[in-house]
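Novice: Residue numbering for the sequence shown is 16 to 170, as defined by the working numbering.
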Amino acid sequence: MARGGGFRSLVIGVDGSSASRRAVSFVGRLQPRSGGRATVVCVVEPVHPPSIRLLPGPIRARLGGQAAALEAALARLARRHVETAVTRLEKSGWRARGELSSGAPLDGLLRAVRTARADLLVLGAGEAGRVARFLLGSVADAATRRSPVAVLIVK
Numbered sequence: 016m017a018r019g020g021g022f023r024s025l026v027i028g029v030d031g032s033s034a035s036r037r038a039v040s041f042v043g044r045l046q047p048r049s050g051g052r053a054t055v056v057c058v059v060e061p062v063h064p065p066s067i068r069l070l071p072g073p074i075r076a077r078l079g080g081q082a083a084a085l086e087a088a089l090a091r092l093a094r095r096h097v098e099t100a101v102t103r104l105e106k107s108g109w110r111a112r113g114e115l116s117s118g119a120p121l122d123g124l125l126r127a128v129r130t131a132r133a134d135l136l137v138l139g140a141g142e143a144g145r146v147a148r149f150l151l152g153s154v155a156d157a158a159t160r161r162s163p164v165a166v167l168i169v170k
């Protein structure tokens with residue numbers, strides 16, 4: 016947290032879910048500190064069929080092409096989510112910028128926190144049920160354990 020109260024730099028994770036939209040709306044209602052900035056981050060997980068190397072060449076090539084097309088479509092969708100969030104935050108008085116990255120979501124978010132020298136990571140509460148959260152975990156839950164900065168989870 017910056018001196019004098021308020022956060023100087025926020026990273027907000029978005030993924031197009033209603034939970035991430037609520038997180039952006041929540042931050043949009045906060046009064047930005049003078050010079051306060053927000054970095055909106057969407058991390059797209061790569062699409063790699065795990066056993067593709069075991070398949071015959073023509074099938075491997077076809078699946079590889081389809082995976083690349085799916086990754087491109089996901090990146091376009093992610094870009095739209097980021098642009099929408101940045102616009103919303105700028106209208107609320109924040110200096111905002113967007114960032115897309117590829118990889119594991121939590122790793123990408125924590126990398127953005129370090130790069131932006133953020134003092135707060137904002138995430139929407141996941142909508143998975145209890146069993147799914149127990150089996151798979153959630154980015155928000157893991158962020159509370161691994162983030163080097165405070166984590167705000169918006170319900």
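Built from N, CA and C at the ideal position, the CB exists for glycine as well.
#1: Quick check: Val-55 and Gly-118, are their CB atoms within less than 9 Å of each other?
#2: Cβ atoms of Ser-24 and Asp-134: under 9 Å apart, would you say?
#3: Do Val-137 and Ala-38 have their beta-carbon atoms positioned less than 9 Å apart in this structure?
#4: Quick one: what does DSSP say Ala-119 is sitting in, helix, strand or coil?
#5: In three-state terms, what does DSSP make of Leu-136?
#6: Taking the alpha carbon of Ile-67 as the point to measure from, which residue in Gly-79, Leu-167 and Val-58 has its own alpha carbon closest?
#7: Work out the CA separation of Val-128 and Val-164 for me, nearest whole Å.
#8: Take Ala-140 as the anchor and find which of Gly-123, Thr-159, Arg-103 and Leu-45 has the nearest alpha-carbon.
#9: Under three-state DSSP, which class holds Pro-65?
#10: Would you mind reading off the limits of the beta strand (DSSP E) that contains Val-169?
#11: For Leu-69 versus Ser-107, is the C-beta distance shorter than 9 Å?
#12: Who are the near neighbours of Leu-89 in its chain, counting only those whose CB is closer than 6 Å to its CB and skipping five residues on each side?
#13: His-63: which of Ile-74, Glu-86, Ser-49 and Pro-73 sits nearest, CA to CA?
#14: What does the alpha-carbon distance come out to for the pair Gly-43 and Ala-76?
#15: Is Ser-24 helix, strand or coil when you go by DSSP?
Specialist: The structure says:
#1: If you number the sequence shown from 1, residue 55 lands on position 40. If you number the sequence shown from 1, residue 118 lands on position 103. No, Cβ-Cβ distance for Val-55 and Gly-118 is not below 9 Å.
#2: In the sequence shown, the residue the question calls residue 134 occupies position 119. In the sequence shown, the residue the question calls residue 24 occupies position 9. Yes. Within cutoff.
#3: Counting from one through the sequence shown, the residue named residue 38 turns up at place 23. Counting from one through the sequence shown, the residue named residue 137 turns up at place 122. In this structure, Ala-38 places its C-beta atom within 9 Å of the C-beta atom of Val-137.
#4: As a position in the sequence shown, residue 119 is number 104, starting the count at 1. DSSP, reduced to helix, strand and coil, places Ala-119 outside both helices and strands of the structure shown, so it counts as coil.
#5: Counted from its first residue, the sequence shown places residue 136 at position 121. Three-state result, Leu-136: strand.
#6: Mapped onto the sequence shown, residue 67 falls at position 52. For Ile-67, the closest C-alpha among the options Gly-79, Leu-167 and Val-58 is that of Gly-79.
#7: The residue given as residue 164 occupies position 149 in the sequence shown. The residue given as residue 128 occupies position 113 in the sequence shown. Going by the C-alpha atoms only, they are around 8 Å apart.
#8: Position 125 of the sequence shown, counted from the start, is the residue given in the question as residue 140. Closest in alpha carbon position to Ala-140, among Gly-123, Thr-159, Arg-103 and Leu-45, is Thr-159.
#9: The sequence position of residue 65 within the sequence shown is 50, counting from 1. Pro-65 falls in the coil class under three-state DSSP.
#10: As a position in the sequence shown, residue 169 is number 154, starting the count at 1. If you look at Val-169, you'll find it in the beta strand (DSSP E) that goes 165-169.
#11: Along the sequence shown, read from residue 1 onward, the residue named residue 69 stands at position 54. Along the sequence shown, read from residue 1 onward, the residue named residue 107 stands at position 92. In this structure, Ser-107 does not lie closer than 9 Å to Leu-69 by Cβ.
#12: As a working note, residue 89 is residue 74 in the sequence shown. Val-59.
#13: Working through the sequence shown from its first residue, we reach residue 63 at position 48. That would be Glu-86, whose Cα lies nearest to the Cα of His-63.
#14: Position 28 of the sequence shown, counted from the first residue, corresponds to residue 43. Position 61 of the sequence shown, counted from the first residue, corresponds to residue 76. Approximately 45 Å, taken between the alpha carbons.
#15: Residue numbering aside, residue 24 sits at position 9 when the sequence shown is read from its first letter. Here Ser-24 carries a strand assignment [DSSP, helix/strand/coil].
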